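Protein chains in written order, with the working numbering: chain A, 17 to 158; chain B, 43 to 430.
Using N, Cα and C, we set each Cβ at its ideal position, and we do this for glycine too.
Keep in mind the model is a prediction, meaning the values are calculated, not measured.
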Amino acid sequence: MTDQPQHLPDVPAADDLTAPWWDATREHRLTVQRCDGCAAVQHPPRAVCLACGTLGGLSQVDVSGAGEVDSFTVVHRGPRPDLATPYTIARVRLAEGPILLTRIHPHQEVAIDDPVEVAWWDLPDGRALPVFRPLNRTNTTP
Amino acid sequence: MSATTSTATGAAIVGVAESDLGVTNLSILTLQTQAITRALADAGLTLADVDGIATTGVSRFSATQVADHLGLEPRWTDSTFAGGSAYEMMVARATQAIESGQASTVVISFASNQRSAASRRLGGVTEDHTPEAQLETPYDPLFPLSYYAMAAQQYLHRFGGTHEQLAEIAVAAREWALLNPAAYRYRAGSLTAADVTSSRLVSSPLTVADCCLVTDGGGAVVLTSLERARDLAKPAVRVLGYGERTTNTSMTAVRDLTSTGAVGSGADAFARAGVTPSDVDVLEVYDSFTITAALSIEALGFCGRGEVLDFIAGGRIRPGGSLPLDTAGGGLSYCHPGQYGVLLLVEAVRQVRGEAGARQVPDAEIAVAHGTGGILSTHATVVLGADR
Numbered sequence: 017m018t019d020q021p022q023h024l025p026d027v028p029a030a031d032d033l034t035a036p037w038w039d040a041t042r043e044h045r046l047t048v049q050r051c052d053g054c055a056a057v058q059h060p061p062r063a064v065c066l067a068c069g070t071l072g073g074l075s076q077v078d079v080s081g082a083g084e085v086d087s088f089t090v091v092h093r094g095p096r097p098d099l100a101t102p103y104t105i106a107r108v109r110l111a112e113g114p115i116l117l118t119r120i121h122p123h124q125e126v127a128i129d130d131p132v133e134v135a136w137w138d139l140p141d142g143r144a145l146p147v148f149r150p151l152n153r154t155n156t157t158p
Numbered sequence: 043m044s045a046t047t048s049t050a051t052g053a054a055i056v057g058v059a060e061s062d063l064g065v066t067n068l069s070i071l072t073l074q075t076q077a078i079t080r081a082l083a084d085a086g087l088t089l090a091d092v093d094g095i096a097t098t099g100v101s102r103f104s105a106t107q108v109a110d111h112l113g114l115e116p117r118w119t120d121s122t123f124a125g126g127s128a129y130e131m132m133v134a135r136a137t138q139a140i141e142s143g144q145a146s147t148v149v150i151s152f153a154s155n156q157r158s159a160a161s162r163r164l165g166g167v168t169e170d171h172t173p174e175a176q177l178e179t180p181y182d183p184l185f186p187l188s189y190y191a192m193a194a195q196q197y198l199h200r201f202g203g204t205h206e207q208l209a210e211i212a213v214a215a216r217e218w219a220l221l222n223p224a225a226y227r228y229r230a231g232s233l234t235a236a237d238v239t240s241s242r243l244v245s246s247p248l249t250v251a252d253c254c255l256v257t258d259g260g261g262a263v264v265l266t267s268l269e270r271a272r273d274l275a276k277p278a279v280r281v282l283g284y285g286e287r288t289t290n291t292s293m294t295a296v297r298d299l300t301s302t303g304a305v306g307s308g309a310d311a312f313a314r315a316g317v318t319p320s321d322v323d324v325l326e327v328y329d330s331f332t333i334t335a336a337l338s339i340e341a342l343g344f345c346g347r348g349e350v351l352d353f354i355a356g357g358r359i360r361p362g363g364s365l366p367l368d369t370a371g372g373g374l375s376y377c378h379p380g381q382y383g384v385l386l387l388v389e390a391v392r393q394v395r396g397e398a399g400a401r402q403v404p405d406a407e408i409a410v411a412h413g414t415g416g417i418l419s420t421h422a423t424v425v426l427g428a429d430r
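Here it is as structure tokens:
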């Protein structure tokens, strides 16, 4: 669906904290961690709710996949030799609050506060990596 | 202003030195030994006087490694691993150890041969068991550069500045380096803002000229009690105050990229010292990137929120300016061995002693060294003053 890059990164295995988040990506569902007690949301997943301190009742809940560019940088010299440059790294503020580090894909010029929505890169092991594409009203991307 | 305040600590820096700098083809432990023994000689002390060691960047057991290498069995060690700000943190720890009587003579040191060894990686070092390895590294940000680049992008967007204005940090650093024979760029000639902005983009908006050098090098500082310091070879430089903040390891934890932990570390350090930014004669801040120094100057309170790009214009931070900044030439033009924080302390002490040669700031009595580590992760401020 999303035209994936030729050389996908090696992503370390999930652990007890991140497995529910990664499992949802297999179905292309983007989630954040929610506290049943106080309803606060957070990301990355943790063993404690940062808002109320509870250790139990933390679960992954779906988010809309909509967000805005908090900031971005276009990388012109990649850290791996097989990586095509330039590409755009961004911090995306999800509509639900948490911030993700991600890629803008396909690569294109963005601006701070631009609206974006989630897209997916499928990893060989069945997990998927969320990336974001601009909701560009005048220049719709395929 | 007088550096003697009622709140100042009971410790002083009595010796400072650099190791060989630049491209050395020497091992980390050889460079460490150079820095430590030269700093002790500067103080009129020897290895036999050392009973406290603070260092990092040698191995997993850094202070242990250095103690073994120097044949010491210290009563106190610290290997706080916090990137470039660790050495300012160690001044606080060492001061407390000296005040409490756990140690009498502490050496804080760092050295790296990253240039000779070609050990620097654009993507940084990843530890597979961390959340960042799963959730951030797969996107291939340059580490730490891309985080600082995003902070710069956000700062310029929010406060309406330009990259040309930000480039003044690198331009001024070069002017200072031209006065320092030990600087890597001593003979490189002046730099213009246009040179910076037209250099090769690495992670926008930052170019290669916004980024610190990659060199070998190291340094050491020796601390002891103020009482003993007054009997040693060089004028004592008092530790007046210190403060620190630790804020993040991930690229997503801090909501506002333009306001750093230096706000808190600086406020704590100035309060402890009983001075304000207007009392500071020399400011040594970590300039891993141009934006690092700019954000620190503002966060430490030398100017108001959103004002730093106007504040640094007009020569204020250059030689002869009213706020001399990074007077050795900074990580941008003097030396950047990876964790530059110890060299901020070395230069601050030399300025307060009046030993800085062509780059000496006249009548410098109060100097601030401010380290930044990681991705704006750790922030530590030390206020130093002449013993008058």
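Taking Cβ positions, are residue i and residue j nearer each other than 9 Å?
i	j	result
B/Tyr-328	B/Ser-338	yes
B/Pro-116	B/Val-92	yes
B/Ala-81	B/Pro-277	no
B/Thr-334	B/Leu-418	yes
B/Ala-85	B/Thr-97	no
B/Leu-255	A/Pro-95	no
A/Thr-118	A/Val-108	yes
B/Ala-215	B/Leu-385	no
B/Tyr-226	B/Thr-249	no
B/Asn-222	B/Ala-370	yes
B/Ala-406	B/Val-394	yes
B/Leu-268	B/Ser-158	no
Grouping DSSP H, G and I as helix and E and B as strand, with all else coil, what is residue i?
i	result
B/Glu-174	helix
B/Phe-201	helix
B/Pro-319	helix
B/Gln-144	coil
B/Ala-304	helix
B/Leu-466	Because chain B is modelled from 43 through 430, residue 466 of chain B falls outside the range shown and cannot be assessed.
A/Arg-9	Any answer about residue 9 of chain A is impossible in this case: the structure gives chain A only from 17 up to 158.
A/Pro-158	Here A/Pro-158 scores only 37 on pLDDT, less than 50, and its place in the model should not be relied on; the value that follows carries that caveat. A/Pro-158: coil per DSSP, three-state reduction.
A/Val-36	What sits at residue 36 of chain A in the sequence shown is Pro, not Val. Of the three classes helix, strand and coil, the one that applies to A/Pro-36 here is helix, per DSSP.
A/Gln-22	coil
B/Val-92	coil
A/Gly-73	coil
B/Thr-257	coil
B/Ser-158	helix
B/Gly-415	strand
B/Glu-217	helix
B/Glu-389	helix
B/Thr-47	Unreliable placement is indicated for B/Thr-47, whose pLDDT of 48 sits below 50; the coordinate value is still reported in the next sentence. Reduced to three states, the DSSP call for B/Thr-47 is coil.
A/Gln-58	strand
B/Ala-400	helix
B/Ser-338	helix
Pull up the DSSP beta-bridge partners for residue i, would you.
i	result
B/Asp-405	Answer is none; B/Asp-405 lacks a bridge partner.
B/Ala-53	B/Ser-267
A/Ser-87	A/Arg-107
B/Ser-330	The partner list for B/Ser-330 (beta bridge, DSSP) is empty, contrary to what the question assumes.
B/Gly-285	B/Thr-423
A/Glu-133	A/Ala-82, A/Arg-149
Answer with yes or no whether the minimum CB distance from residue i to chain B is below 9 Å.
i	result
A/Val-147	yes
A/Asn-155	Residue placement at A/Asn-155 is poorly supported in this model, since its pLDDT is 46, which falls under 50; the coordinates still yield a value, given next. Closer than 9 Å: no.
A/Thr-47	no
A/Gly-73	no
A/Arg-119	yes
A/His-44	no
A/Ala-106	yes
A/Leu-151	no
A/Pro-61	yes
A/Pro-122	no
Under a CB-based cut-off of 9 Å, is residue i close to chain A?
i	result
B/Val-244	yes
B/Phe-331	no
B/Met-192	yes
B/Gly-165	yes
B/Leu-188	In the sequence under discussion, the amino acid at residue 188 of chain B is Ser, which differs from the Leu named in the question. Interface residue, yes.
B/Ala-45	Because B/Ala-45 carries a pLDDT of 46, less than 50, the predicted location of this residue cannot be relied on, and the following value inherits that uncertainty. Judged by the 9 Å Cβ criterion, B/Ala-45 is not in contact with chain A.
inquiry  = Closer than 9 Å between beta carbons: that is the criterion. Which residues of the segment 19-39 of chain A meet it against chain B?
reply    = Those residues of the segment 19-39 of chain A that come within reach of chain B (Cβ to Cβ, closer than 9 Å) are Leu-24, Pro-25, Asp-26, Val-27, Pro-28, Ala-29, Ala-30, Asp-31, Leu-33, Thr-34, Trp-37, Trp-38.
query = Taking Cβ-Cβ distances below 7 Å as the criterion, which residues of the segment 214-239 of chain B are in contact with chain A?
reply = Listed in sequence order: no entries.
request  = Give the residues from the segment 277-293 of chain B that approach chain A closer than 9 Å (Cβ to any Cβ), ordered along the chain.
outcome  = Within the segment 277-293 of chain B, the residues whose Cβ lies closer than 9 Å to some Cβ of chain A are Ser-292, Met-293, listed in chain order.
key: chain B contacts made by the segment 80-103 of chain A, where a contact means CB separation under 9 Å   = Result list: Asp-86, Ser-87, Phe-88, Thr-89, Val-90, Val-91, His-92, Arg-93, Gly-94, Pro-95, Arg-96, Leu-99, Pro-102, Tyr-103.
query = Between the segment 102-123 of chain B and chain A, which residues of the former have CB atoms less than 7 Å from a CB of the latter, in chain order?
reply = Taking 7 Å as the cut-off between beta carbons, none of the residues of the segment 102-123 of chain B comes near chain A.
inquiry  = Closer than 8 Å between beta carbons: that is the criterion. Which residues of the segment 167-183 of chain B meet it against chain A?
reply    = Here the close residues are Asp-170, His-171, Pro-173, Ala-175, Gln-176, Leu-177, Glu-178, Thr-179, Pro-180, Tyr-181, Asp-182, Pro-183.
message = By the 7 Å beta-carbon criterion, what residues does the segment 195-212 of chain B contribute toward chain A?
response = Taking 7 Å as the cut-off between beta carbons, the residues of the segment 195-212 of chain B near chain A are Gln-195, Gln-196, His-199, in sequence order.
ask   = Going along the chain, which residues of the segment 299-311 of chain B sit with their C-beta nearer than 7 Å to a C-beta in chain A?
value = Against chain A - using a Cβ distance shorter than 7 Å - the residues of the segment 299-311 of chain B are Leu-299.
ask   = the segment 362-396 of chain B: which residues have C-beta closer than 9 Å to a C-beta of chain A, in chain order?
value = So nothing in the stretch comes that close.
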